[in-house]
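> Per the numbering used here, numbering through the sequence shown is continuous, rising by one, with the last residue being 339. Ideal placement from N, C-alpha and C gives every residue a C-beta, glycine not left out. Predicted model only: the values in this text are computed from it and were never measured.
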Amino acid sequence: MTPLVQVRDLSKTFDVSAPWLNRVVERKPRQFVHAVDGVSFSIERGKTLALVGESGCGKSTVARLLVGLYQPTRGDVQFDGQPTDAAQNAAGLRTLRRRMQMIFQDPYASLNPRWKVLDIVGEPLREHGLVNMSSASAGARGADALKAKVGELLLSVGLAAADVEKFPHQFSGGQRQRISIARALATQPEFLVCDEPTSALDVSVQAQVLNIMKDLQRSRGLTYLFISHNLAVVRHVADQVGVMYLGRLVELSDKAELFGHPRHPYTRMLLDAIPDIHMSGRSRTPVQGEVPNPLNPPTGCAFHPRCPHANARCSQERPVLTVFQGVHVACHAVQEGRI
Ligand code: SF4
1 MTPLVQVRDL
11 SKTFDVSAPW
21 LNRVVERKPR
31 QFVHAVDGVS
41 FSIERGKTLA
51 LVGESGCGKS
61 TVARLLVGLY
71 QPTRGDVQFD
81 GQPTDAAQNA
91 AGLRTLRRRM
101 QMIFQDPYAS
111 LNPRWKVLDI
121 VGEPLREHGL
131 VNMSSASAGA
141 RGADALKAKV
151 GELLLSVGLA
161 AADVEKFPHQ
171 FSGGQRQRIS
181 IARALATQPE
191 FLVCDEPTSA
201 LDVSVQAQVL
211 NIMKDLQRSR
221 GLTYLFISHN
231 LAVVRHVADQ
241 VGVMYLGRLV
251 ELSDKAELFG
261 HPRHPYTRML
271 LDAIPDIHMS
281 GRSRTPVQGE
291 VPNPLNPPTG
301 CAFHPRCPHA
311 NARCSQERPV
321 LTVFQGVHVA
331 CHAVQEGRI
């Protein structure tokens, strides 16, 4: 079966040059950041792909490229077998937007504080004409239908139907994120892009929200792209995991394989930073160094200044993501059998 989402060679470059006059006066060249560089993956229907990496690795840019908030510099995204950039007419774009939705990190910033929950969750229903509000005769009935539909959506995320009359400030952080999820579900999407949906929440609340998302995935057959810097969260939700470093995928594999047999030294470093609650006694490599400046990335393998297995080849030749024992990995040492 064709995967619901297929991403090929996706790249995004941002022009971060100083203003023209400053460049002329200070004799500075233009500057570009390759936020995402040649990323390819696919997501099967009903499954979750998690993208992980430290801050600035490009995972949130991938999320925004997928839902059309940014236009790619290179590469393409196919949704249900159709290229998303082919949906250029208004009707095609509306359909696409209805079928894929995004949940943002900060439930405080993403909900309009002046709107009642009825308006927040009801907006996409009105926008996409999923409740008839237009004619005068349909007005009263339409308002009732909208209220009933929003109430249903709130119930599906563990809130009360009566919450439609409340404002966002009357809810806790976890409840606000549930409102965001209810709003995303309003158009009955097939694909949800979730950008760090729980990282602004207390740890005790995170699990509740993640469990709701998993239940919704099962009951509605949803497909998720899940962006997170937290491998413990990823372990809870993902079927497949992609590890990103400085705009590129360095490892892509099934969750069990990635957590059981991490190949790439960066993946190992990230895993070693998770507390070992099983007290397995395995040797650990502490996280070393910092992510390099993306304006001036290292030559060869971008990870080489931090890598305990780096050699001369690593600093000159960029490794390509290739399949090794069923796992996609971009590392010379793995391909040479050194680790
Ligand atoms: Fe380390 Fe070299 Fe592999 Fe990069 S290619 S991760 S520097 S061993």
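Start and end of the alpha helix (DSSP H) containing Asp215?
In the sequence shown, residue 215 corresponds to position 215, counting from 1. First-last of the alpha helix (DSSP H) with Asp215: Val203 to Arg220.
> Do Leu10 and Pro107 count as a contact pair if the criterion is CB distance below 7 Å?
What you label residue 107 is simply residue 107 of the sequence shown in a count that begins at 1. What you label residue 10 is simply residue 10 of the sequence shown in a count that begins at 1. It is not a contact, given that the beta carbons lie outside the stated cut-off.
> Starting from Asp192, follow its DSSP beta bridges and name the residues at the other end.
Reading the sequence shown from its first residue, position 192 is the one you call residue 192. Looking at the sequence itself, residue 192 is Leu, so the reference to Asp does not match. According to DSSP, Leu192 bridges with Gln101 and Tyr224.
> With DSSP collapsed to three states, give me the class of Asp106.
Locating residue 106 in the sequence shown gives position 106, counting from the first residue. Three-state DSSP puts Asp106 in coil, outside helix and strand.
> Mark Glu317 as exposed unless 16 or more other C-beta atoms lie within 10 angstroms of its C-beta, in which case mark it buried.
On the sequence shown, residue 317 is found 317 positions in, with the first residue counted as 1. Looking at its Cβ environment, which holds fewer than 16 other Cβ atoms inside 10 Å, Glu317 is exposed.
> For Phe14, verify whether its CB is less than 6 Å away from any heavy atom of the ligand SF4.
The residue labelled residue 14 in the question sits at position 14 within the sequence shown. No, the ligand SF4 has no heavy atom inside 6 Å of this Cβ.
> Please state the DSSP three-state secondary structure of Leu10.
Locating residue 10 in the sequence shown gives position 10, where the first residue counts as 1. DSSP places Leu10 in strand when its eight states are reduced to three.
> So, under 8 Å CB-CB, Ser110 and Ser180 are touching, yes? Tell me the CB distance rounded to an integer number of Å.
Taking the first residue of the sequence shown as 1, we reach residue 110 at position 110. Taking the first residue of the sequence shown as 1, we reach residue 180 at position 180. Contact flag correct, Cβ pair sits at about 6 Å.
> Quick check on DSSP: helix, strand or coil for His261?
Taking the sequence shown and counting its residues from 1, the one referred to as residue 261 is at position 261. If DSSP states are grouped into helix, strand and coil, His261 belongs with coil.
> Can you list the alpha helix (DSSP H) stretches of 4 or more residues lying completely in the segment 47 to 76, in chain order?
Listed in chain order, they are 59 to 66.
> Which of the three DSSP states, helix, strand or coil, is assigned to Gln325?
Position 325 of the sequence shown, counted from the first residue, corresponds to residue 325. Note: Gln325 maps to coil in three-state DSSP.
> Do Leu271 and Pro262 have their CB atoms nearer than 7 Å?
Here residue 271 corresponds to residue number 271 of the sequence shown, with the count starting at 1. Here residue 262 corresponds to residue number 262 of the sequence shown, with the count starting at 1. In contact: Leu271 and Pro262 (Cβ atoms closer than 7 Å).
> When we look at the beta-carbon of Ser253 and count the other beta-carbons within 10 Å, is it buried (16 or more) or exposed?
Walking along the sequence shown from the start, residue 253 turns up at place 253. Classification for Ser253: buried.
> Does at least one heavy atom of the ligand SF4 sit under 6 Å from the Cβ of His309?
Working through the sequence shown from its first residue, we reach residue 309 at position 309. Within the cutoff, so yes.
> Do the segment 159 to 166 and the segment 90 to 109 meet, that is, are 3 or more Cβ pairs less than 8 Å apart?
No contact exists between the segment 159 to 166 and the segment 90 to 109.
> Here's the rule: buried if 16 or more other CB atoms are within 10 angstroms of the residue's CB, otherwise exposed. What is Leu55?
Taking the first residue of the sequence shown as 1, we reach residue 55 at position 55. Reading the sequence as shown, one finds Ser at residue 55 and not Leu. Label assigned to Ser55: exposed.
> Should Gly155 go down as buried or exposed, given a rule of 16 or more other Cβ atoms within 10 Å for buried?
On the sequence shown, residue 155 is found 155 positions in, with the first residue counted as 1. According to the sequence as given, residue 155 is Leu; it is not Gly. Exposed, since its Cβ has fewer than 16 Cβ neighbours within 10 Å.
> Measuring only the C-alpha atoms, how far is Ala232 from Ala238?
As a first step, residue 232 is located in the sequence shown; it is residue number 232 there, counting from the start. As a first step, residue 238 is located in the sequence shown; it is residue number 238 there, counting from the start. Approximately 10 Å, taken between the alpha carbons.
> Can you tell me which of the three DSSP states Glu152 falls into?
Along the sequence shown, read from residue 1 onward, the residue named residue 152 stands at position 152. It is helical.
> From Lys59, Leu65, His128 and Glu196, pick the residue whose C-alpha is nearest to that of Ala90; which is it?
Residue numbering aside, residue 90 sits at position 90 when the sequence shown is read from its first letter. Closest option to Ala90, Cα to Cα, is His128.
> Measure from the alpha carbon of Gln101 to the alpha carbon of each residue in His309, Glu190 and Gly242, then state which is nearest.
Position 101 of the sequence shown, counted from the start, is the residue given in the question as residue 101. Checking every option, the nearest Cα to that of Gln101 belongs to Glu190.
> Buried or exposed: Thr322, going by 16 or more other Cβ atoms within 10 Å of its Cβ?
For the purposes of this step, residue 322 is identified with residue 322 of the sequence shown, where counting begins at 1. Counting Cβ neighbours within 10 Å, Thr322 comes out exposed, since fewer than 16 surround it.
> Should His328 be counted as a contact of the ligand SF4 given a C-beta to heavy atom distance under 6 Å?
On the sequence shown, position 328 is the one that residue 328 refers to. No, the ligand SF4 has no heavy atom inside 6 Å of this Cβ.
> Could you tell me if Ser60 is buried or exposed, where buried requires 16 or more neighbouring beta carbons within 10 angstroms of its beta carbon?
Here the question's residue 60 lines up with position 60 in the sequence shown. Ser60 should be labelled buried.
> Residues bridged to Leu252 by DSSP?
Residue 252 sits at position 252 when you count from the first residue of the sequence shown. Gly242 and His328, per the DSSP bridge assignment.
> The beta strand (DSSP E) spanning Ser315 covers which residue range?
Position 315 of the sequence shown, counted from the start, is the residue given in the question as residue 315. Per DSSP, Ser315 belongs to no beta strand (DSSP E); it is in the alpha helix (DSSP H), Ala312 to Gln316.
> Starting from Ile120, trace the alpha helix (DSSP H) in both directions and tell me its first and last residue.
Looking up residue 120 in the sequence shown gives position 120. Per DSSP, Ile120 belongs to the alpha helix (DSSP H) from Val117 to Glu127.
> Could you tell me if the beta carbon of His304 falls within a distance shorter than 6 Å of some heavy atom in the ligand SF4?
As a first step, residue 304 must be located in the sequence shown, where it is residue number 304. Indeed, a heavy atom of the ligand SF4 lies less than 6 Å from the Cβ.
> Could you tell me the alpha carbon to alpha carbon distance between Gly53 and Asn230, rounded to whole angstroms?
The count along the sequence shown starts at 1 and reaches residue 53 at position 53. The count along the sequence shown starts at 1 and reaches residue 230 at position 230. Cα-Cα distance, rounded: 8 Å.
> Residues in its own chain within less than 7 Å of Lys147 by CB, not counting five upstream and five downstream?
To locate residue 147, count along the sequence shown from 1; it is residue 147. Leu118 and Val164.
> Since Leu49 contacts Gly247 with CB under 8 Å, what's their CB separation in whole angstroms?
Within the sequence shown, residue 49 is the residue found at index 49, counting from 1. Within the sequence shown, residue 247 is the residue found at index 247, counting from 1. Going by Cβ atoms, the distance from Leu49 to Gly247 rounds to 17 Å, so no, they are not a contact pair.
> Return yes when the C-beta of Ala333 is under 6 Å from any heavy atom of the ligand SF4, and no when it is not.
As a working mapping, residue 333 is identified with position 333 in the sequence shown. Yes, Cβ of Ala333 sits closer than 6 Å to a heavy atom of the ligand SF4.
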